[in-house]
Amino acid sequence: MLKPGKKRRKSFQGHYHLMLLPGVILLVIFSVIPMFGLLMAFQDYKISKGIFGSPWVGMENFTYFFELSDSKVIIYNTLFLAISKVIANLIVPLVFAVLLNEVRQRAFKRTVQTIVYLPHFLSWVILAGIFSDLLLTDGMVNRILGSFGVEPIQFMGDNRYFPYILIGSDVWKEFGFNTIIYLAALAGIDPSLYEAASIDGANWRKRTRLITLPLLRATIILLATLAIGNILNAGFDQIFNMYSPVVYESSDVIDTYVYRAGILDGQYGFATAIGLMKSVIAFILIILSYRLAYKYANYRIF
């Protein structure tokens with residue numbers, strides 16, 4: 020016979036399970052059932068014949084991708100943009116957080132923190148329009164450069180500048196959010212360490228180098244290792260809203276190529292194969308990053 024306390028606890032857990040049920044149902048409908056569509060990666064898929072009637076081609080879709088001359092460009096663009104964004108999104112927020120942490124006026128500090136955090140909530144549909152207007156040949160940036168005698172530059176249509184515009188705009192959008200993580204870590208540092216260092220004659224640079232950065236090392240390693248799992252996600256929303264055929268050479272990544280091949284060109288099997296290949300590699304990288312985070316930063320979920 021169960022004690023009254025145990026009956027109440029068991030009933031309480033049942034309510035939690037019922038609360039999870041709608042989420043589990045949505046997960047099964049929109050995430051698990053569509054997984055059967057991965058069969059198209061091994062077929063010459065035809066809409067008229069469906070998954071069960073289309074002919075099987077084995078690994079032909081995968082090998083065809085690597086035989087294309089565009090495959091090397093796409094893989095290079097994906098890795099270059101993703102790695103550059105990861106590095107920039109680690110360094111810029113770290114430097115900004117260390118500098119902002121030195122500000123003693125709390126009202127000013129909170130105002131700045133709120134302002135830099137706001138772009139995180141804006142979608143790339145809005146931001147792409149803003150950047151396009153600013154960087155037009157007759158936009159504000161070219162007008163400022165023109166006042167110094169510089170000829171108008173087609174920032175959004177030049178392969179030399181466009182990748183760096185993607186990296187810079189992504190950092191501008193997200194560095195406020197990442198700064199909060201570093202500020203939270205800085206708040207956990209014992210102030211007596213800085214006071215002792217100041218008494219010993221250490222200036223701001225020495226305090227930063229000998230106290231701040233070593234104590235932030237675990238946070239930096241954790242963010243860096245977790246970012247490895249998203250190394251193949253170069254930012255579909257951003258690139259899709261900002262690029263054009265003129266800059267495909269420098270900005271076309273795996274996700275945008277899959278979109279064009281599958282949705283626009285109707286090569287469903289081929290596009291599914293590329294997406295599946297990317298997902299498998301991303302899954303391996305996530306496992307690797309989780310193990311690295313556990314090893315070097317003692318971070319674990321389970």
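Okay, so the sequence shown: first residue is 20 according to this note's numbering, each after it adds one.
In this text, a Cβ means the ideal position worked out from N, Cα and C, and glycines have one as well.
Through-space distance from residue j to residue i, alpha-carbon basis
i    : j    : result
L119 : R226 : 15 angstroms
K91  : Y313 : 33 angstroms
V190 : L46  : 31 angstroms
A301 : M38  : 31 angstroms
L21  : I48  : Low local confidence applies: a pLDDT of 47 at L21 is under 50, so the model's placement there is unreliable, with the coordinate-based value given in what follows. Distance between the alpha carbons of L21 and I48 is about 38 angstroms.
K297 : E121 : 42 angstroms
R123 : L242 : 27 angstroms
P72  : S50  : What sits at residue 72 in the sequence shown is Gly, not Pro. Near 23 angstroms, if we compare the C-alpha coordinates of S50 and G72.
D152 : L164 : 15 angstroms
V169 : V76  : 55 angstroms
F85  : K192 : 34 angstroms
A60  : I240 : 36 angstroms
Y315 : I208 : 19 angstroms
S103 : F55  : 34 angstroms
I306 : G33  : 32 angstroms
P41  : I52  : 16 angstroms
T130 : F115 : 14 angstroms
R236 : A203 : 14 angstroms
C-beta neighbour in chain C for residue i, strict 8 angstroms
i    : result
I218 : Looking at the structure shown, chain C is missing, and only one protein chain is on hand.
Residue i, DSSP secondary structure in three states
i    : result
Q32  : helix
Q173 : coil
Q124 : coil
Q62  : strand
Supposed contact pair residue j and residue i - C-beta distance, whole angstroms, cut 8 angstroms
i    : j    : result
P112 : Y201 : 6 angstroms
D269 : N178 : Correcting the residue type first, residue 269 is Ser in the shown sequence and not Asp. That pair is a contact at about 4 angstroms.
Q132 : T156 : Rounded, the Cβ-Cβ distance is 35 angstroms, inconsistent with contact.
L304 : L57  : Not confirmed; about 19 angstroms, so no contact.
L229 : A221 : 7 angstroms
A101 : L251 : 6 angstroms
A253 : T97  : 5 angstroms
T231 : V117 : 6 angstroms
F181 : V266 : 4 angstroms
A290 : V277 : 5 angstroms
Outcome for residue i when other beta-carbon atoms lying within 10 angstroms are tallied against a minimum of 16
i    : result
V43  : exposed
I93  : buried
L137 : exposed
W143 : buried
T244 : buried
S308 : buried
M175 : buried
A126 : exposed
L146 : buried
L154 : buried
G148 : exposed
G24  : With a pLDDT of only 49 at G24, under the threshold of 50, the placement of this residue in the model should not be trusted, and no figure is reported.
Y262 : buried
I247 : buried
G288 : buried
Next item on the list: May I ask you to verify whether the segment 79 to 86 touches the segment 204 to 223, counting CB pairs closer than 8 angstroms and requiring at least 3?
Entry: no
Notebook entry, point to check: How do the segment 106 to 119 and the segment 186 to 197 stand: do at least 3 beta-carbon pairs fall below 8 angstroms, yes or no?
Noted result: yes
Notebook entry, point to check: Taking contact to mean at least 3 C-beta pairs separated by less than 8 angstroms, is the segment 252 to 260 in contact with the segment 173 to 189?
Noted result: yes
Item checked: Cβ contact check for the segment 56 to 76 and the segment 263 to 274: 3 or more pairs under 8 angstroms -> no
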